[in-house]
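Protein chains in written order, with our numbering: chain A, 282 to 591; chain B, 46 to 294.
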């Protein structure tokens, strides 16, 4: 029994979500191999070989894998899938994009967003925006899984010394091509890996205010910035900052929700945070029901005051 | 060009579901059911493409119990031209739905299939990708912009770290994200009109698809509850608590 982890990487380094996925893979009971598929990704493959608990790294390199196109990446996984009992992807935009494609081609179910490995064939996963936790058992020969990072500790990024084996890259499918990318530039910690997150909601009122009020607090705390769906829909914050059921799932040490009412869809994305602070002037806001510390106040006064007090 | 839009009937997004005391699932008896919000965005996008003249016909599909007809009527009230119900009382998992849709794609030969990226009940986020794999079609998931240009379609996707744009050859599968559009309100005249539109019913057997579930749900429990927190009177107290009690800053 061997598990294959599909690494999330930028060719130069391994993304943090891969480390949590390695831990989940190890919990399935067998050896753990990691696939690094990219173009010019030797550095990422070398980094994957350092992860504690990884027995082997498979490195596929080619132009077809440059932009992570689902058709090609799925074909690459399928090319080596027959050796594995478990195939695990981080539940990131890329993992969610590719994993179901692999599962369907293997004619097996895919198990989304697992938060616990109960046994080699049984897993816990949240359903209904995290309002219920289901334990599901798979009868399929291969388990294709996406792993929710907040459910598993990160494996140590160093200490391992796995062999790196080269595998041939698949040909391009010819059905899709990459046109361009608009990357949100930020020096802040990544949302899903941050220890502290400062999150803003609709109450901020505008993109200018969002920036003016939330950014200084995040700067002071070295925090990542998050947002509610309402704030993203209104254009106060970019889409990749959305925390919630269908956005990013986060569990930092400290989550500070400013002017967020706390719809169940938002709570689904942050209620596993260790400490939650809510600043909201509405005493009835549902966010207070999950907050360890609630401050009933106007955020336009309270947040700058908090920046000064830190 | 024809568009196929699969829609799912789910517990309304405003309902907070309760876990059954025997741990077999969640209690959805007498709960308000609606179209999955992401699927509503998919129908809206398809109808807008028709209004732009890019598309000639919008066909809505739903797989599930007889009541899914209501969901299909809603899709037709938004503007879908006709509907197909694949009727079954079996529990349908994403792989089974993808197989049913694949059979309908073979029959209907649409140029685009637009689906919601995720249903808000099982939160699986699989069906569109699985359909694309089974039908050997290119895919663009989590779409925030769709532009059809001849036999190609350019799709902007919401990904980690920003946006990316792909070009797909049609036929292709697209799954919707929240920012793609804001679905219109359905008007009474359109609801009345939708009642007269064609709705065909087929069974999974008619399509030659085995829908037996692959995953068995062993139990369903409530998530761990957070301990009750406290309200703090002012910013100074908050800072003191975070430093000395929670020790997180």
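In this text, a Cβ means the ideal position worked out from N, Cα and C, and glycines have one as well.
Keep in mind that this is a model prediction, so the values were computed, not measured.
Check, Outcome
"Complete runs of the beta strand (DSSP E) confined to the region 414-462 of chain A [at least 3 residues]", "424-428 and 444-448"
"Residue 431 of chain A classed as buried or exposed, judged by whether at least 16 other C-beta atoms fall within 10 angstroms", "buried"
"Contact residues within the region 153-180 of chain B, judged by C-beta distance below 7 Å to chain A", "163, 165, 166, 167, 168, 169, 170, 171, 174, 175, 177, 178 and 179"
"Residues that residue 199 of chain B contacts on chain A, provided the C-beta gap is smaller than 7 Å", "460"
"Cβ of residue 479 of chain A within 9 Å of any chain B Cβ", "no"
"Local conformation of residue 207 of chain B per DSSP, three classes", "strand"
"Whether residue 108 of chain B touches residue 133 of chain B by CB criterion (9 Å)", "yes"
"Beta-carbon spacing of residue 410 of chain A, residue 393 of chain A below 9 Å", "no"
"Buried or exposed (CB count within 10 angstroms, at least 16 for buried), residue 121 of chain B", "buried"
"Where residue 216 of chain B falls: helix, strand or coil (DSSP)", "coil"
"Closest Cα partner of residue 97 of chain B within the set B:198, B:277, B:229 and B:193", "B:193"
"The region 174-194 of chain B touching the region 415-430 of chain A, judged by at least three CB pairs closer than 8 Å", "no"
"Residues near residue 603 of chain A by beta carbon distance below 6 Å, same chain, minus five either side", "Nothing in the structure corresponds to residue 603 of chain A, since chain A is present only between 282 and 591."
"In chain order, each beta strand (DSSP E) run of at least 3 residues that lies wholly inside the region 57-136 of chain B", "78-80, 102-109 and 127-132"
"DSSP-derived helix/strand/coil call for residue 405 of chain A", "strand"
"Test item: CB-CB of residue 368 of chain A and residue 284 of chain A under 9 Å", "yes"
"The region 543-556 of chain A contacting the region 231-247 of chain B, beta-carbon criterion three pairs below 8 Å", "no"
"Separation of residue 62 of chain B from residue 68 of chain B, as counted between CA atoms", "13 Å"
"Cβ-based burial, residue 100 of chain B [other Cβ within 10 Å; buried from 16]", "buried"
"Assigned secondary structure, residue 383 of chain A (DSSP; H/G/I helix, E/B strand, else coil)", "helix"
"Where the alpha helix (DSSP H) containing residue 513 of chain A begins and where it ends", "510-514"
"Neighbourhood of residue 306 of chain A by C-beta distance below 6 Å, restricted to the same chain and skipping five residues each side", "284, 286, 313 and 369"
"Close Cβ partners of residue 299 of chain A (< 8 Å) along its chain, the five nearest in sequence each way excluded", "286, 288, 289, 290, 315, 329, 332 and 371"
"Among A:555, A:559 and A:529, the one whose alpha carbon lies nearest that of residue 203 of chain B", "A:529"
"Rounded Cβ spacing between residue 297 of chain A and residue 435 of chain A (contact assumed at less than 8 Å)", "6 Å"
"Residue 400 of chain A versus residue 138 of chain B - alpha carbon distance", "21 Å"
"Start and end residues, alpha helix (DSSP H) containing residue 174 of chain B", "172-179"
"Chain B residues whose Cβ lies nearer than 9 Å to that of residue 451 of chain A", "Under the 9 Å cutoff, chain B gives no residues; its nearest Cβ is about 14 Å from residue 451 of chain A."
"Unbroken alpha helix (DSSP H) run spanning residue 147 of chain B, endpoints", "139-153"
"Distance, residue 573 of chain A Cα to residue 163 of chain B Cα", "31 Å"
"Where residue 301 of chain A sits in the DSSP three-state scheme", "helix"
"Spatially closest choice to residue 319 of chain A from A:586, A:447 and A:511, by CA coordinates", "A:447"
"Three-state secondary structure (DSSP) of residue 227 of chain B", "coil"
"Segment limits, beta strand (DSSP E) that includes residue 350 of chain A", "Run containing residue 350 of chain A: none; DSSP gives neither H nor E here."
"Limits of the unbroken beta strand (DSSP E) element including residue 391 of chain A", "391-395"
"Assigned secondary structure, residue 378 of chain A (DSSP; H/G/I helix, E/B strand, else coil)", "helix"
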